[in-house]
Each structure stands twice: as C-alpha cells, then as structure tokens.
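Participant: Residue numbers (this note's numbering): 815 to 948.
Glycine included, each C-beta is placed from N, C-alpha and C at the ideal position.
(1) With a CB to CB cut of under 8 Å and the five nearest residues on each side skipped, what residues in its chain are close to residue 823?
(2) Assign residue 867 to buried or exposed, taking buried as 16 or more other Cβ atoms, counted over all protein chains shown, within 10 Å of its Cβ.
(3) Mind checking whether the beta-carbon of residue 915 lies closer than 6 Å to any heavy atom of the ligand MN?
(4) Looking only at its own chain, which residues have a Cβ that is under 8 Å from the Cβ of residue 913, when we skip the five neighbours before and after it?
(5) Would you be able to state if there are at least three C-beta pairs under 8 Å between the stretch 872-882 and the stretch 836-855?
(6) Compute the Euclidean distance between the alpha carbons of residue 854 and residue 841, then round it to the nearest angstrom.
(7) Which residue marks the beginning of the alpha helix (DSSP H) containing residue 831, and which one marks its end?
(8) Indicate the three-state DSSP secondary structure (helix, strand or coil) for residue 866 in the structure shown.
(9) Is residue 859 helix, strand or coil when you go by DSSP?
This is the structure we're talking about:
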C-alpha cells in the first residue's frame with residue numbers, strides 16, 4: 815500500500831523517496847562517521863513524501879534509534895512520512911531499546927497520523943498457498 819501511495823504521489827510530481835529502515839539507518843550512521851550527518855538528514859528532509867519500510871524487522875541499536883529520532887523530528891509538521899511495520903506501537907520500546915526515545919518518536923509520528931492496520935495473512939504467503947492449491 816505504501817508503495818502504491820508513493821507511486822501515485824510521484825505521478826503527481828510530488829518529490830518522493832522510498833527506503834528500507836535498515837538502509838536508512840546505515841546511511842545515517844555512515845554520514846555521522848564521515849561528519850556529514852546534517853547534510854544527509856537534510857537530504858531525507860527535502861522530500862515531500864518519505865516512505866520508510868520495514869521498521870523493526872532488524873534490530874535497531876541505541877545509536878541508530880537516536881538518528882531515526884533526529885530525522886523524524888526534522889520532518890515533523892513539515893513533510894509527510896509513511897512508515898511500514900508489523901510491530902505493534904506498544905512494542906516500539908523494545909524495537910528502539912529506549913522507552914523515552916520510542917515515546918518521543920511515536921509522539922511525533924502519531925500526532926497527525928492516519929494509522930492503517932491490516933489484519934490477515936501476508937499477500938506474499940497467500941499467493942504462495944494459492945499457487946500450491948492450483
């Protein structure tokens with residue numbers, strides 16, 4: 815769904831960027847090491863729509879969590895951000911390994927958000943089983 819929204823936005827000439835959370839955090843961490851974090855954060859902030867996919871699928875260490883917060887904070891109330899995850903918001907304390915930081919992230923993310931919860935089997939798995947039954 816996030817990909818479809820991104821494609822529709824791009825077709826309307828809205829600057830859009832899609833990235834997996836792990837890749838985003840690796841890019842930010844590398845930029846910090848190379849003393850160009852501010853520039854990299856500005857890069858991700860310039861897009862009107864940023865789609866961050868697969869939050870919480872891979873471990874997020876405390877340093878990465880702080881970088882993620884910085885980006886969310888810079889975009890807060892200025893740009894649209896779509897996040898995808900199958901992790902319940904109540905479990906974000908564990909994902910980000912810091913309850914206060916997780917709360918600060920969620921505070922900004924959920925303030926003006928529309929949350930779309932999809933219940934059911936993954937469409938990828940569903941497609942696999944439907945092919946087996948053919």
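Facilitator: Let's see:
(1) 830, 862 and 863
(2) buried
(3) Among the components of this structure there are no ligands whatsoever, and the ligand MN is therefore not found.
(4) 907
(5) yes
(6) 8 Å
(7) No alpha helix (DSSP H) contains residue 831, which is instead part of the beta strand (DSSP E) from 830-834.
(8) strand
(9) helix
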